[in-house]
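A short worksheet on the structure shown next.
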Amino acid sequence: GIQNYVKLDGNIGCLVNGAGLAMSTLDAIKMAGGDAANFLDIGTANSPEAVVAALRIIGSDPGVKAVLVNVFGGLARTDVIAQGVIDAKTQGVLPQPTVVRLAGTNVEEGLRILDASPVALVRADGFADAARRAVEAAK
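Encoded structure:
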């Protein structure tokens, strides 16, 4: 489930899985010239509903100008994460520009789900690319 939410001073909201990935994501955003507003570690959340709930928390922070979803699927399946991001966008709980970077378990299916959706999202290929795109989107 949703493990921990940390509030910071920047303007990019971050949905990640795992403390290591959270720290690396914050570093990548900093190196790209930005600052994170918050991060939420979804751990092994494996339902689209859990992802929507997490994104609702991130997106409700008035300081958030863009959102970066950076998930490496191990126990967390990237197809489920992708569906949750699309559901959050469709339900209007995530109005901010959203950058998505997925890797790991079921990534082909996750990317297919993102590509098949008419929802406005920015897909990023790598870590640095994702951070750069999020910083750009937050301007």
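Take 466 as the starting number for the sequence shown in our numbering and just add one per residue. Cβ coordinates follow ideal geometry from the N, Cα and C atoms, glycine included.
Following the DSSP letters along the chain, one finds residue 542 in no alpha helix (DSSP H), marked with neither H nor E.
Under the three-state reduction of DSSP, residue 495 is assigned to helix.
Look at residue 475 here: in three-state DSSP terms it is coil, with no helix or strand label. For residue 588, DSSP records a beta bridge to 565. Taking 7 angstroms as the cut-off, the beta carbon of residue 470 is found no closer than this to the beta carbon of residue 507.
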